[in-house]
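Taking the working numbering, I'd label the letters of the sequence shown as residues 2 to 327. Beta carbons are placed, not taken as given, at the ideal position from N, Cα and C, and that holds for glycine. Note that this is a predicted model, so its numbers are computed, not measured.
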Amino acid sequence: MTKVLRSVVTGVGGYLPENVVTNAELAKVVETSDEWIRERTGIRERRKAADDEAASDLAVAAARRALEAAGRTALDVDLIVVATTTPDLTFPATATIVQRKLGCPVGVAFDVQAVCSGFVYALSVADGFVARGRAKCALVIGAETMTRLMDWTDRGTCVLFGDGAGAVVLEPQEGEGEVTDRGLLGFALRADGTKQDLLYVDGGPSTTGTRGFLRMQGNQVFRHAVVNISEAIHAAAEDAGVPVESVDWFIPHQANQRILEGVAKRVGIAEEKVISTVAQHANTSAASIPLALDQGVRDGRVKPGELLLLEAMGGGLTWGACVLRL
Ligand code: ACO
Numbered sequence: 002m003t004k005v006l007r008s009v010v011t012g013v014g015g016y017l018p019e020n021v022v023t024n025a026e027l028a029k030v031v032e033t034s035d036e037w038i039r040e041r042t043g044i045r046e047r048r049k050a051a052d053d054e055a056a057s058d059l060a061v062a063a064a065r066r067a068l069e070a071a072g073r074t075a076l077d078v079d080l081i082v083v084a085t086t087t088p089d090l091t092f093p094a095t096a097t098i099v100q101r102k103l104g105c106p107v108g109v110a111f112d113v114q115a116v117c118s119g120f121v122y123a124l125s126v127a128d129g130f131v132a133r134g135r136a137k138c139a140l141v142i143g144a145e146t147m148t149r150l151m152d153w154t155d156r157g158t159c160v161l162f163g164d165g166a167g168a169v170v171l172e173p174q175e176g177e178g179e180v181t182d183r184g185l186l187g188f189a190l191r192a193d194g195t196k197q198d199l200l201y202v203d204g205g206p207s208t209t210g211t212r213g214f215l216r217m218q219g220n221q222v223f224r225h226a227v228v229n230i231s232e233a234i235h236a237a238a239e240d241a242g243v244p245v246e247s248v249d250w251f252i253p254h255q256a257n258q259r260i261l262e263g264v265a266k267r268v269g270i271a272e273e274k275v276i277s278t279v280a281q282h283a284n285t286s287a288a289s290i291p292l293a294l295d296q297g298v299r300d301g302r303v304k305p306g307e308l309l310l311l312e313a314m315g316g317g318l319t320w321g322a323c324v325l326r327l
């Protein structure tokens, strides 16, 4: 059997800002209630970055933990891909700011913008380097300060999002070309720009010249979510050569508990295999999958050698799924 190079996750890390904002606190700002938010979304609280905390600061904290878990240092890193929709600055890329703050040597560093699907997209992009022998130690990070994009008068959106960052270290390892190999085994990435109006930010440097606020037709996004994600999950599983039912853990983007459960049911994944952090983290966009993975690894549920299914959907619309063996 021919050996193949695989991108293997060798370390995972997460970081949440200290400031916890409960549903009850938000009910003082907009006309809502803890009960409504919990029933419709599963969210109980979210984190909010301090005024002097930028996306790169959250990314750096998560990256340090991932490097430590992998037994690597910043000096080993030759590729940084940051998935973010809330960069520190319009440019340079948040990834190069992370590179400077971590003290990594000259290498490759850039951002990926696919909103909530950003982490799955970023993993696929990084795989293109690592599995072709073009990077030896890659940091793939999802880092977001979504609370900065909120219109605090819009109860339909401001209760849904939170801040945080998660990171993984990817390193090349030789595999047998079998589904038993460790590493990234399959992907399905999708985008449909005709659905832009369902979820977007109404500002930007080349249009309004302002940052803008997040706008969403939540019930429309919800409607697309379950169907679209399910198709991508089947395609990623086929790409990996495994049946969906064989995954040990389902680690979805954390937007809404009802979406998580709806997708799991539709693709035949048992409830106890779903890692959910939506109650504590809310929707942290590109950070939500690596944060949930970090939680699963640190609390001892997710173990090396297990088969994981990741999926996400976000603004664009974009969506996608990834199957990997830890
Ligand atoms: N508190 C109280 N009432 C509210 C709130 C709130 N926070 N928000 C909306 N409502 C009201 C609405 O005004 C509406 O009232 P009306 O019937 O009098 O007009 C009613 O609740 C129902 O509104 P819907 O939007 O239809 O409610 P729905 O059950 O669809 O839940 C939600 C809304 C939670 C946003 C849901 O649609 C959802 O989770 N959608 C998906 C979001 C998502 O997955 N986003 C994807 C990724 S995000 C990214 O990429 C950046």
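Exposure label - residue i; buried when at least 16 CB within 10 Å
i	result
D79	buried
D112	buried
D164	buried
L327	buried
D127	The question names Asp, but residue 127 in the sequence shown is Ala. So A127 counts as buried.
R148	Checking the displayed sequence, the identity of residue 148 turns out to be Thr instead of Arg. With 16 or more Cβ atoms within 10 Å of its Cβ, T148 is classed as buried.
L59	buried
Q255	buried
A51	exposed
L17	buried
W250	buried
A271	exposed
G297	buried
G162	It is Phe, not Gly, that sits at residue 162 in the sequence shown. So F162 ends up on the buried side.
L49	Per the sequence presented here, residue 49 reads as Lys, with Leu not at that position. Answer is buried; the Cβ neighbour count reaches 16.
W195	Contrary to the premise, residue 195 reads as Thr rather than Trp in this sequence. The residue in question, T195, is exposed, as its Cβ has fewer than 16 Cβ neighbours within 10 Å.
Cβ shell of residue i (< 8 Å), same chain only, five flanking positions each side left out
i	result
P88	A56, A94, T95 and D112
E69	G12 and G14
G176	K4, V5, L6, R7, D182, R183 and G184
A139	S8, V78, D79, L80, I81, V82, A127, F130, V131, V170, L171 and E172
Beta-carbon contacts of residue i that lie in its chain and below 7 Å, excluding the five residues immediately before and after
i	result
A238	G187, P244, V245 and V324
L150	T87, V202, F214 and L215
A189	A233, A236, A237, D240, G321 and A322
G205	G213
T97	A110
F120	A84, G143, A287, I290, P291 and A313
6 Å Cβ shell around residue i - same chain, five flanking residues per side excluded
i	result
G15	A63, G167, L292 and D295
A136	D79, L80 and F130
A115	Y122 and T319
E312	I230, I234, P253 and A322
The alpha helix (DSSP H) enclosing residue i, as first and last residue numbers
i	result
C159	R156 to C159
E40	D35 to T42
G297	S289 to R299
G269	Note, G269: premise wrong, no alpha helix (DSSP H); not H, not E.
I234	G219 to A241
V279	V279 to H282
Among the options, the one whose alpha carbon lies nearest that of residue i
i	options	result
H225	M314, E46 and L6	M314
V170	E145, L124 and A189	L124
R41	K102, V180, A75 and R259	R259
S289	T278, V141, V298 and R299	T278
F24	G43, R7 and V9	According to the sequence provided, residue 24 is Asn. The question's Phe does not apply to it. N24 has its Cα closest to that of G43, out of G43, R7 and V9.
V264	T3, T33 and F223	F223
S8	V30, R101, N229 and Q174	Q174
D300	L309, N20 and I276	I276
A283	C117, L90, R133 and A84	C117
R133	E172, W153, G104 and D155	E172
V160	V248, E36, G108 and A75	E36
Host beta strand (DSSP E) of residue i (start-end)
i	result
D112	V109 to V113
K102	From DSSP, K102 is part of no beta strand (DSSP E) but of the alpha helix (DSSP H) over T95 to L103.
D164	D164 to G176
N257	Run containing N257: none; DSSP gives neither H nor E here.
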